[in-house]
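**Q** Quick one: this structure, given as structure tokens, is what I'll be asking you about.
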Amino acid sequence: MAGISLNNVRKTYAGGVSAVKGVSLDIEDGEFIVLVGPSGCGKSTLLRMVAGLETITDGEVTIGDRVVNKIEPADRDIAMVFQNYALYPHMSVYNNLAYGLKNRGIGKAEIDRRVREAARILEIADYLDRKPRALSGGQRQRVAMGRAIVREPAAFLFDEPLSNLDAKLRVQMRIEIKKLQKSLGTTSLYVTHDQLEAMTLADRLVVLNGGQVEQIGTPIDVYENPASTFVASFIGSPAMNLMEIERSGEGWALSRGEGLSLTCSLNETSAILGLRPEDLHIIEGDGAINDPLMLSVVVTAVEPVGAESYVHATLGETGQEIIVRAPGKQHFEVGSVLKVAAKKEKLHFFSSETGKAIALEGNLQPA
Amino acid sequence: MKREHIFDHLILIIGALFMIVPVVVAFMTSTHDAVSIYKNGLQLTWGGHFEETYRAVLTEAGGFTKSVTGLTMLQNSLILGLGFAIGKIVISMLAAYAIVYFRFPLGTFFFWIIFSTLLLPLEVRILPSYEIVQGLGMMNSYSGLIVPLIASATGTFYFRQFFKSVPDELVEAARIDGAGPVKFFIDILVPLSKTMIAAIFIIMFVYGWNQYLWPTLITTDETFFTLVRGMKQILQVWIGAQIPDTNQAMALAVLAMLPPVIIVVVFQSWFVKGLVESEK
Ligand SMILES: Nc1ncnc2c1ncn2[C@@H]1O[C@H](COP(=O)(O)OP(=O)(O)O)[C@@H](O)[C@H]1O
Ligand SMILES: [Mg+2]
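Line by line, the protein sequences are chains A and B.
For the first sequence, our numbering gives the first residue as 1499, with consecutive numbering after it.
For the second sequence, our numbering gives the first residue as 73, with consecutive numbering after it.
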């Protein structure tokens, strides 16, 4: 068991592509860290540098108390689970699990013990004699996990291990991976582009964008306090509503649109307002409110998903798209006008130049 | 649908007959004695002299020096065929392994150099090759027969294409599992390639077995004669008798055809299996 730390790690590929642009991260022993970001943001590259499959252009990777930059993958005391499982097609499941241990010179009896133990935990004991091609996707996934477990490594590295499974199996394996990781207590670094997977698995999330860390934090922290518009729109589904606002006299107004009943002492003359769909509530009739924000929107489409409905609407003349989450039983006419409001503490503000979050402590009062 | 089926079968049957009938004729004729063949021509029926004819061609010493039997030639042919096939597979797998998995300067360039030797078959470079073998004193030896032909652009090309289709993750998983280059090659790449190896083995064995020109140049000592090269040679001497030993000639021809046929039949199931189910 060991922690992992990355110190200003960079990767520039031979062609000149700068895939990772200086990432620093400290992973504690036993922690489950998820690297999340859109496709091409450098997640795999970063993971593969930790694994030793990619050379490190600059910076330092430490596993335990060893700098591993120059150490072969096999000697880094890590195990990796690949998206396409990468099982050895000509070997039985047993040998797939045992191969790495044999190469390490571990005794036959100990190999057997570890393989059977892993097979028991992963419920693949019945398939030990089969070849991978005779297994379903989910079973192959388990074998791939088994190959990692038997190594009893300091850290597990996962590169989108669930992407090739169907939706139902993905949810099930997600839960199992989480349970397994908690019971083994092995430090894990997990890569995914799926924000839901990231949220549900992680002790801490690392949101990557264009080879740089956008935010690090617990899933709830990242969700509630996104550090930038990028994080705000990437984490959470449906995505946070983002709209431009401008200073208007004492208060603020939506750019080219309705007023907001907000006053605040921000220095900016314009900003971006973020509102999660679930933080907008629909106001019935003329009910008086003392929320700082109230908008009239025109319903354009409704997506009922059962327990709730996502109401797509446009904001007055601005044409700004907005999504509101409503209880599932409520009925909406397309074309009808809704009044929605949000509480003060649910408003997010971002700089319109950098996209970074603007701290609001004490700045905002209802008009 | 039905008519097309019959038509397909008709074509296949005609093709099969075209290939098989001469072989059957050769075999049947070889079981008659020389006199009756001389009188009645080629035969389509069983002649009853199978054992004595075949024992004669396999064990009676023939040739100029009376030092070579059919069995020695069969053995020489086997050595050439196997040496040729195995040598080519080993060399071309190693070459392809280097080209696909190791970064070395001008790797692609060397691959195309190897590939371009396809434009230079043995017949084109036969004199220089002969010169070299002679200069090295390798005439009349198995190594002289085999080694100069062992490099294979075709084999290298096929293995290269195959190795390129092996997913990178497999290499990476093996690296993490502590398999170095040699272990990876032996434990993973070779087993994965076995259907490819079988296919190339068939092609190369038959090719080596059927070599005529090269053994003719390299072997003057009759004890190194292969079947294909020696058949005519040792029969010419037998023809010293009044009636040509057509039965023995046919028997040798059948013997020369047999091993390639066996190899193809034995490996065929593997070959088809390999083509149908992909292991990657
Ligand atoms: N071997 C490589 N050579 C050159 N560029 C690469 C290589 N691998 C990845 N890249 C580039 O690096 C960037 C990050 O890739 P990757 O780490 O695979 O992203 P992700 O896993 O987040 O989708 C991409 O722009 C990709 O095109
Ligand atoms: Mg990736």
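Ideal Cβ placement from N, Cα and C applies to all residues, glycine included.
Here the structure is a predicted model, which is why all the values come from computation and not from measurement.
With DSSP collapsed to three states, give me the class of Q1710(A).
**A** In the first sequence, residue 1710(A) corresponds to position 212, counting from 1. Three-state result, Q1710(A): strand.
**Q** Hey, how far is the Cα of T1816(A) from the Cα of S1807(A)?
**A** The sequence position of residue 1816(A) within the first sequence is 318, counting from 1. The sequence position of residue 1807(A) within the first sequence is 309, counting from 1. The alpha-carbon atoms of T1816(A) and S1807(A) are separated by roughly 24 Å.
**Q** In whole angstroms, give me the CA-to-CA distance for T1510(A) and A246(B).
**A** Against the first sequence, residue 1510(A) aligns to sequence position 12. Against the second sequence, residue 246(B) aligns to sequence position 174. Each residue's Cα considered, the two are about 25 Å apart.
**Q** Taking DSSP's pairing of strands, which residues face W286(B) in a bridge?
**A** Along the second sequence, one-based indexing puts residue 286(B) at 214. None; W286(B) has no bridge partner.
**Q** Skipping 5 residues on each side, what residues in its chain have a beta carbon closer than 7 Å to that of Y1625(A)?
**A** Here the question's residue 1625(A) lines up with position 127 in the first sequence. So the list reads V1591, L1633 and Q1637, once near-sequence residues are dropped.
**Q** Please confirm if N1567(A) has its CB atom under 8 Å from at least one CB of chain B.
**A** Here residue 1567(A) refers to the residue found at position 69 of the first sequence. It does not; no Cβ of chain B falls within 8 Å.
**Q** Closest by CA to G280(B), which one among Q147(B), I218(B), T131(B) and F122(B)?
**A** The residue labelled residue 280(B) in the question sits at position 208 within the second sequence. Closest option to G280(B), Cα to Cα, is I218(B).
**Q** Select from G1538(A), V1613(A), D1657(A) and H1810(A) the residue whose C-alpha is nearest the C-alpha of Q1796(A).
**A** Start at 1 with the first residue of the first sequence, and residue 1796(A) comes out as number 298. The question names Gln, but residue 1796(A) is Val in the sequence shown. If we check each option's Cα against that of V1796(A), H1810(A) comes out closest.
**Q** Excluding the 5 residues flanking L191(B) on each side, which residues of the same chain have their C-beta closer than 7 Å to its C-beta?
**A** Position 119 of the second sequence, counting from 1, holds the residue named residue 191(B). Counting only Cβ-Cβ distances below 7 Å, and skipping sequence neighbours, we find nothing.
**Q** What is the DSSP secondary structure of D249(B), counted as helix, strand or coil?
**A** Reading the second sequence from its first residue, position 177 is the one you call residue 249(B). In the displayed model, D249(B) falls within coil according to three-state DSSP, outside both helix and strand.
**Q** Taking Cβ-Cβ distances below 7 Å as the criterion, which residues of the segment 226-251 of chain B are in contact with chain A?
**A** P239, E241, L242, E244, A245, R247, I248, D249, G250 and A251
**Q** If you drop the 5 nearest sequence neighbours on each side, which residues of the same chain put their C-beta closer than 6 Å to that of Y1583(A)?
**A** The residue labelled residue 1583(A) in the question sits at position 85 within the first sequence. The answer, listed in chain order, is R1638 and A1642.
**Q** At a cut-off of 7 Å, would you count V1515(A) as near ligand 1, judging by its Cβ distance to the nearest heavy atom?
**A** Here residue 1515(A) corresponds to residue number 17 of the first sequence, with the count starting at 1. It does: the Cβ of V1515(A) is within 7 Å (strictly closer) of some heavy atom of ligand 1.
**Q** Is F90(B) close to chain A, meaning its C-beta is less than 8 Å from at least one C-beta of that chain?
**A** If you number the second sequence from 1, residue 90(B) lands on position 18. It does not: the Cβ of F90(B) has no partner Cβ on chain A nearer than 8 Å.
**Q** Using the Cα positions of I264(B) and A106(B), report the straight-line distance between them to the nearest angstrom.
**A** Numbered from its first residue, the second sequence carries residue 264(B) at position 192. Numbered from its first residue, the second sequence carries residue 106(B) at position 34. A small correction: the amino acid at residue 264(B) is Leu; Ile does not occupy that position in the sequence shown. Their Cα atoms are separated by approximately 52 Å.
**Q** Excluding sequence positions up to five away, which residues of its chain have a Cβ less than 6 Å from the Cβ of G1683(A)?
**A** On the first sequence, position 185 is the one that residue 1683(A) refers to. Counting only Cβ-Cβ distances below 6 Å, and skipping sequence neighbours, we find G1528.
**Q** Using three-state DSSP, classify A1811(A) as helix, strand or coil.
**A** Counted from its first residue, the first sequence places residue 1811(A) at position 313. Note: A1811(A) maps to strand in three-state DSSP.
**Q** Report the option in V140(B), A225(B) and N319(B) whose CA atom is closest to the CA atom of N112(B).
**A** Residue numbering aside, residue 112(B) sits at position 40 when the second sequence is read from its first letter. The shortest Cα separation from N112(B) among V140(B), A225(B) and N319(B) belongs to N319(B).
**Q** Taking contact to mean at least 3 C-beta pairs separated by less than 8 Å, is the segment 269-285 of chain B in contact with the segment 237-252 of chain B?
**A** no
**Q** Quick check: what's the CA-CA separation for M1792(A) versus H1779(A)?
**A** Locating residue 1792(A) in the first sequence gives position 294, where the first residue counts as 1. Locating residue 1779(A) in the first sequence gives position 281, where the first residue counts as 1. If you take the alpha carbons of M1792(A) and H1779(A), they lie about 10 Å apart.
**Q** Report buried or exposed for M145(B), applying the criterion of at least 16 other Cβ atoms within 10 angstroms of its Cβ.
**A** Position 73 of the second sequence, counted from the start, is the residue given in the question as residue 145(B). M145(B) should be labelled buried.
**Q** With distances taken Cα to Cα, identify the nearest neighbour of G1538(A) among A1840(A), E1658(A), R1611(A) and N1707(A).
**A** Here residue 1538(A) corresponds to residue number 40 of the first sequence, with the count starting at 1. With distances taken between CA atoms, G1538(A) lies nearest to N1707(A) out of A1840(A), E1658(A), R1611(A) and N1707(A).
**Q** Quick check: what's the CA-CA separation for P1864(A) versus G1749(A)?
**A** For this step, residue 1864(A) is matched to residue 366 along the first sequence. For this step, residue 1749(A) is matched to residue 251 along the first sequence. The predicted position of P1864(A) is uncertain, since its pLDDT is 46 and thus under 50; no value can be drawn from it.
**Q** Given the structure, does D1657(A) come close to ligand 2, in the sense that its CB is under 7 Å from one of the ligand's heavy atoms?
**A** As a working mapping, residue 1657(A) is identified with position 159 in the first sequence. D1657(A): yes, Cβ under 7 Å from ligand 2.
**Q** Considering Cα atoms alone, identify which of L1595(A), G1605(A), L1660(A) and N1505(A) is closest to Q1581(A).
**A** Taking the first sequence and counting its residues from 1, one reaches residue 1581(A) at position 83. Measuring from the Cα of Q1581(A), the nearest candidate turns out to be L1660(A).
**Q** Quick one: does the C-beta of K1541(A) sit closer than 7 Å to a heavy atom of ligand 2?
**A** In the first sequence, counting from the first residue as 1, residue 1541(A) sits at position 43. Correct: K1541(A) has its Cβ closer than 7 Å to ligand 2.
**Q** Could you name the residues of the segment 1585-1613 of chain A whose beta carbon sits closer than 7 Å to any beta carbon of chain B, in the order they occur along the chain?
**A** Within the segment 1585-1613 of chain A, Y1586, P1587, H1588, Y1597, G1598, N1601 and R1602 place their CB atoms closer than 7 Å to a CB of chain B, listed in sequence order.
**Q** Just the Cα atoms here: how many angstroms apart are N1594(A) and R1574(A)?
**A** Within the first sequence, numbered from 1, the residue matching residue 1594(A) stands at position 96. Within the first sequence, numbered from 1, the residue matching residue 1574(A) stands at position 76. If you draw a straight line from the Cα of N1594(A) to the Cα of R1574(A), it is about 20 Å long.
**Q** Note down, in chain order, each residue of its chain lying with its Cβ closer than 7 Å to the Cβ of V205(B), except the 5 sequence neighbours on either side.
**A** Residue numbering aside, residue 205(B) sits at position 133 when the second sequence is read from its first letter. If we look at V205(B) and ignore the five residues flanking it on each side, its Cβ neighbours are M211, G216, P220 and I290.
**Q** Looking at L1845(A): is its Cβ nearer than 8 Å to the Cβ of L1771(A)?
**A** To locate residue 1845(A), count along the first sequence from 1; it is residue 347. To locate residue 1771(A), count along the first sequence from 1; it is residue 273. Contact flag set, yes.
**Q** Taking 7 Å as the cut-off, is the C-beta of S1537(A) nearer than that to any heavy atom in ligand 1?
**A** Numbered from 1 along the first sequence, position 39 holds the residue referred to as residue 1537(A). Flag set: Cβ of S1537(A) near ligand 1.
**Q** Using the Cα positions of T1560(A) and L1545(A), report the straight-line distance between them to the nearest angstrom.
**A** Numbered from its first residue, the first sequence carries residue 1560(A) at position 62. Numbered from its first residue, the first sequence carries residue 1545(A) at position 47. Cα-Cα distance, rounded: 13 Å.
**Q** Given 7 Å as the limit, tell me if Y173(B) has its C-beta closer than that to any heavy atom belonging to ligand 1.
**A** Mapped onto the second sequence, residue 173(B) falls at position 101. Y173(B): no, Cβ never under 7 Å from ligand 1.
**Q** At the 8 Å Cβ level, is M1547(A) part of the contact set with chain B, yes or no?
**A** The count along the first sequence starts at 1 and reaches residue 1547(A) at position 49. By this cut-off, M1547(A) is not an interface position.
**Q** Just to confirm, are V1521(A) and L1703(A) a CB contact at a threshold of 8 Å?
**A** On the first sequence, residue 1521(A) is found 23 positions in, with the first residue counted as 1. On the first sequence, residue 1703(A) is found 205 positions in, with the first residue counted as 1. Result no, Cβ atoms of V1521(A) and L1703(A) do not sit closer than 8 Å.
**Q** Tell me, to the nearest whole angstrom, how far the beta carbon of A1549(A) is from that of I260(B); I am working on the premise that it is less than 8 Å.
**A** Counting from one through the first sequence, the residue named residue 1549(A) turns up at place 51. Counting from one through the second sequence, the residue named residue 260(B) turns up at place 188. Between I260(B) and A1549(A) the Cβ distance is about 18 Å, and since that is not below 8 Å, they are no contact.
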